[in-house]
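Add 9 to a position in the sequence shown, counting from 1, and you land on the number used in this note's numbering.
Cβ coordinates follow ideal geometry from the N, Cα and C atoms, glycine included.
Read the structure below first, then the notes.
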Amino acid sequence: MRTFKKLALLALALVMVISVAGCQAKTSDVATIHVLTMDQAGLKPAEIDQIARDFEAQNPDIKVVMEYVGYDFLHDKIVTGMAATPPAYDAAMIDVIWPDEFIKAGYLLDVSSRVTPEMKAGIFPSAWNGVTRNGKIYGMPWLMDVKYFMYNKDILQKAGFSAPPATWEELVDQAKVIKEKGLVEYPINWSWNQKEGVVCDFTVLLFGNGGAFLDSSGKPVFNDEKGVQVLTWMKQTIDEGLTNPSAVSSDEMIVEADFLAGKAAFAVNWLFQYADSNDASKSQIVGQAAFAPMPVFEAATSAGVEGASVDGSSSFAIMATTPYPDQTWKFLTYLTSNEVQMKFSAEMLPIWKADFEGASLETLKAANPNNPVTVPAFLDQFPYAFERPTVPYYNEASAALQLAIQEALTGLKSPQQALDEAAAKWVQLGSK
Numbered sequence: 010m011r012t013f014k015k016l017a018l019l020a021l022a023l024v025m026v027i028s029v030a031g032c033q034a035k036t037s038d039v040a041t042i043h044v045l046t047m048d049q050a051g052l053k054p055a056e057i058d059q060i061a062r063d064f065e066a067q068n069p070d071i072k073v074v075m076e077y078v079g080y081d082f083l084h085d086k087i088v089t090g091m092a093a094t095p096p097a098y099d100a101a102m103i104d105v106i107w108p109d110e111f112i113k114a115g116y117l118l119d120v121s122s123r124v125t126p127e128m129k130a131g132i133f134p135s136a137w138n139g140v141t142r143n144g145k146i147y148g149m150p151w152l153m154d155v156k157y158f159m160y161n162k163d164i165l166q167k168a169g170f171s172a173p174p175a176t177w178e179e180l181v182d183q184a185k186v187i188k189e190k191g192l193v194e195y196p197i198n199w200s201w202n203q204k205e206g207v208v209c210d211f212t213v214l215l216f217g218n219g220g221a222f223l224d225s226s227g228k229p230v231f232n233d234e235k236g237v238q239v240l241t242w243m244k245q246t247i248d249e250g251l252t253n254p255s256a257v258s259s260d261e262m263i264v265e266a267d268f269l270a271g272k273a274a275f276a277v278n279w280l281f282q283y284a285d286s287n288d289a290s291k292s293q294i295v296g297q298a299a300f301a302p303m304p305v306f307e308a309a310t311s312a313g314v315e316g317a318s319v320d321g322s323s324s325f326a327i328m329a330t331t332p333y334p335d336q337t338w339k340f341l342t343y344l345t346s347n348e349v350q351m352k353f354s355a356e357m358l359p360i361w362k363a364d365f366e367g368a369s370l371e372t373l374k375a376a377n378p379n380n381p382v383t384v385p386a387f388l389d390q391f392p393y394a395f396e397r398p399t400v401p402y403y404n405e406a407s408a409a410l411q412l413a414i415q416e417a418l419t420g421l422k423s424p425q426q427a428l429d430e431a432a433a434k435w436v437q438l439g440s441k
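Laid out in structure tokens, this is it:
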């Protein structure tokens, strides 16, 4: 009898061990992927979290852990994460200016074989350009964005203007009237702190003056007459009290805050600002914001420049050493799918060409209250989006230009001296 009881207890213990092991095996079958992105533009964290939960409901064998940081911390967070084994992140959002550096460092997985012909043909070619190098694809396009020119209709009307400025010279004229009438103290603010935002704004102004960063041989030319004219103009708008002096310490979020508070008549910012301007919980100017084509300089118009903005597109890339490439790719293709992008198009327009054609275009416009305004604005501005240089040393080059602009705007150096020194630094970086 005792022997029987012992055998029964042993059998019960064995069943329990097998059951626990089975549970553990079942748990280990769930792949947990970590995805890093920013919380500054495009979709809000709550929206991306919702997309991740919807994906998990359809794919119970995959768990998605999202992490959000400000744009200014994103690049270094990716670099730090790649130092771990396995990497801290299985995928990350990458700015259009980073692929060359990250590919050279071996950070990004080549996903060329995973991209279907339907994906390749269905997404805007310019979106693929941001993640394609030497015929290989290193990510999935996610966000097509440019900087837009927005203005406050009520302020312009009170100042006596029936139309927004078409040139930067006209903006100065209108800003002076707005200031003289006491409608706002500083008619415009900019993202001119010593971060990437100032390079974006400088790109808008440089190409809007007929300038360029590099010539056909790769030599820096942003310190030529056109570049110096732009930086001189930037400094003058501060000196004349038209640009808010806080611009030298402002980023896009501060620019938005001023505009939404009715403290600025004009703003140059990304698409998200328009949606926020019509959100009564955030904005004091609901219904007052409007788009206009980005102004250019008068001299450039006579030289054939029709428009200029900056390409702010981004993609999601899979880290080369992830243990979960298949699961990560599955999530990224869901995240960037036409269905998901159409659903969340209020602050981020789709990357899919068909959405901007025929009946689909009307569906897109009707997707939410903002799209009847934002879709035409995108179609007007995106053809004039210029890229910042695609070079492996871009981050260091950008830092040199950021410093130069800051030194000129704060009066530490003349625009010519500041840009000359930055150009020399670019030459040095390119020779390594």
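| query | result |
| --- | --- |
| Local Cβ density within 10 Å of Pro-392, reported as buried at 16 or more and exposed below that | exposed |
| CB-CB length for Phe-325 against Gly-148, believed under 8 angstroms | 6 angstroms |
| Nonlocal neighbours in the same chain, by C-beta distance under 7 angstroms from Phe-353, ignoring five residues either side | Leu-52 and Glu-56 |
| Residue range of the unbroken alpha helix (DSSP H) whose run includes Lys-113 | 108-113 |
| Cβ contact check for the segment 266-276 and the segment 215-235: 3 or more pairs under 8 angstroms | no |
| Residue from Gln-245, Val-39, Met-357 and Ala-130 with nearest C-alpha to Gln-282 | Met-357 |
| Three CB pairs or more closer than 8 angstroms across the segment 78-98 and the segment 38-48 | yes |
| C-alpha distance - Thr-212 paired with Gly-227, whole-angstrom precision | 17 angstroms |
| Limits of the beta strand (DSSP E) - the one that Thr-41 falls within | 40-47 |
| Reference Ala-409; option with closest CA among Ser-290, Tyr-333 and Val-436 | Val-436 |
| Residues of its chain near Glu-396, where Cβ-Cβ distance is below 6 angstroms and the 5 sequence neighbours each way are ignored | Asp-320 |
| Contact belief for Val-140 with Pro-108 at Cβ below 8 angstroms, rounded distance in angstroms | 6 angstroms |
| Exposure label - Gly-90; buried when at least 16 CB within 10 Å | buried |
| Neighbourhood of Asp-38 by C-beta distance below 8 angstroms, restricted to the same chain and skipping five residues each side | Asp-70 |
| At least three beta-carbon pairs within less than 8 angstroms, the segment 398-407 to the segment 98-114 | yes |
| Cα-Cα separation, Asp-429 to Ile-414 | 11 angstroms |
| The segment 411-426 in contact with the segment 198-205 per 3-pair CB rule at 8 angstroms | yes |
| Gly-217, buried or exposed, once every other Cβ within 10 Å from all chains shown has been counted against 16 | buried |
| 8 angstroms Cβ shell around Met-303 - same chain, five flanking residues per side excluded | Lys-156, Tyr-157, Phe-158, Val-213, Gly-217, Val-277, Gly-316, Ala-317, Ser-318, Gln-390 and Tyr-393 |
| Asp-285 versus Pro-54 - alpha carbon distance | 15 angstroms |
| Ser-311 - DSSP class collapsed to helix/strand/coil | helix |
| Distance between beta carbons of Ile-106 and Val-73, contact taken as under 8 angstroms | Going by Cβ atoms, the distance from Val-73 to Ile-106 rounds to 26 angstroms, so no, they are not a contact pair. |
| Lys-72, enclosing beta strand (DSSP E) - first and last residue | 71-78 |
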